[in-house]
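Here the structure comes first, spelled out in structure tokens, and everything after it is commentary.
Residue numbers (our numbering): 368 to 698.
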């Protein structure tokens, strides 16, 4: 009879089963992309903080996205690299729960911030004359508090579901992954995990899936407004920016969707190492790309040598019209 432990002391993260001999090589792009994410988001936060012309709703949401991306990637990647480089596979049970919470919390918060940014663009394009009266500081504070509180409330129960009684862990401590995530940990238990499964499904449908639907609706309305612009050049610039934003949104959600479907419906059809590799993509790739797409394309960064290269010219100094200010391109 298996020994039952109500409070396991630690778990063993196996990394990527089947690709153990390639861990050192896989770690190279992981480390590089992580460093790009850290440097890119840090520079972005610095630029937004010091440049007065960027103290606007769009850039406030962008700074939130940068901070959340730093949390998302830093929650998982350092531990993954210690597994690949040092073979440090052990993680304490409290440490596993902490990683699990911040992973899911930052992912849901990222999703909500993308929705807030889509709403900001919708107001800016569809109601340009009322932009400042609609997106007031009071409303922005409400949005920030609301999405942060929603993300917190959505995944706090996951921690209790994993740590709840009676959910005994029957000696199985090996987690075939590079980090702790909700259903991976829950499946190590020998008790009834149906509440975990149903809660995970419900949170996916009521938070990221709902966000995706609202983001799609926002961009559909934006595209309709853009198509009505009289200037062909303005339409091309707007469509180009929308396409770039949509690419990052797609890249953010696709690996997560694949991971979700593989966990619930493809456990015996999708190779485990493919599942784990794609699950790792959404904690490193979007945080590295977001500063490029949402930062460089929406800021007028002066092309000057160091140390002047970090200075940003405001839209007024660059001679931008309203369309240039909204889309971060010269009019």
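All C-beta atoms, glycine included, are put in the ideal place defined by N, C-alpha and C.
Next item on the list: Please confirm whether residue 378 and residue 547 have their CB atoms less than 9 Å apart.
Entry: Going by C-beta atoms, residue 378 is nearer than 9 Å to residue 547.
Next item on the list: Look at the alpha carbon of residue 569 and the alpha carbon of residue 594, and state the distance between them as a whole number of angstroms.
Entry: Distance between the alpha carbons of residue 569 and residue 594 is about 37 Å.
Check: Buried or exposed: which applies to residue 620, given that a residue is buried once 16 or more other Cβ atoms fall within 10 Å of its Cβ?
Finding: Result: buried.
Next item on the list: Locate the alpha helix (DSSP H) running through residue 380, then write down its first and last residues.
Entry: Residue 380 -> not in any alpha helix (DSSP H); beta strand (DSSP E) instead, spanning 377 to 380.
Check: How many angstroms separate the CA atom of residue 530 from the CA atom of residue 421?
Finding: One C-alpha to the other measures close to 43 Å.
Check: Is residue 616 helix, strand or coil when you go by DSSP?
Finding: Residue 616 carries a helical assignment under DSSP once its states are collapsed to helix, strand and coil.
Next item on the list: With DSSP as the reference, label residue 387 as helix, strand or coil.
Entry: Of the three classes helix, strand and coil, the one that applies to residue 387 here is helix, per DSSP.
Item checked: Residue(s) in a DSSP beta bridge with residue 542 -> 380, per the DSSP bridge assignment.
Note to self: With H, G and I counted as helix, E and B as strand and the rest as coil, what does DSSP make of residue 358?
What the structure shows: It is not possible to answer for residue 358, since the shown part of the chain is limited to 368 through 698.
Checklist line | Secondary structure, alpha helix (DSSP H): runs of 4+ residues fully inside the segment 482 to 532 | finding: As far as the segment 482 to 532 is concerned, its whole alpha helix (DSSP H) runs of at least 4 residues are 498 to 501 and 504 to 530.
Item checked: Among 511, 646, 494 and 550, nearest to residue 383 - alpha-carbon criterion -> Nearest option by C-alpha distance: 646.
Next item on the list: Answer with buried or exposed for residue 417, where buried requires no fewer than 16 other C-beta atoms within 10 angstroms of its C-beta.
Entry: By the neighbour-count rule (16 or more Cβ atoms within 10 Å), residue 417 is not buried but exposed.
Item checked: Status (buried if at least 16 other CB within 10 Å, exposed otherwise) for residue 455 -> Counting Cβ neighbours within 10 Å, residue 455 comes out exposed, since fewer than 16 surround it.
Margin query: With a threshold of 9 Å between beta-carbons, can residue 523 be considered close to chain D, or not?
Written below: Annotation note: the requested chain D is absent from the structure, which comprises a single protein chain.
Checklist line | residue 447 - containing alpha helix (DSSP H), residue span | finding: Per DSSP, residue 447 belongs to the alpha helix (DSSP H) from 424 to 453.
Check: Within this structure, are the beta carbons of residue 614 and residue 660 separated by less than 9 Å?
Finding: Yes, they are a contact pair.
Next item on the list: Rank 425, 376 and 444 by C-alpha distance to the C-alpha of residue 403 and give the top, closest one.
Entry: Closest in alpha carbon position to residue 403, among 425, 376 and 444, is 444.
Check: Where does residue 591 fall in DSSP's three states?
Finding: In the structure shown, residue 591 sits in a helix (DSSP, three-state: H, G or I).
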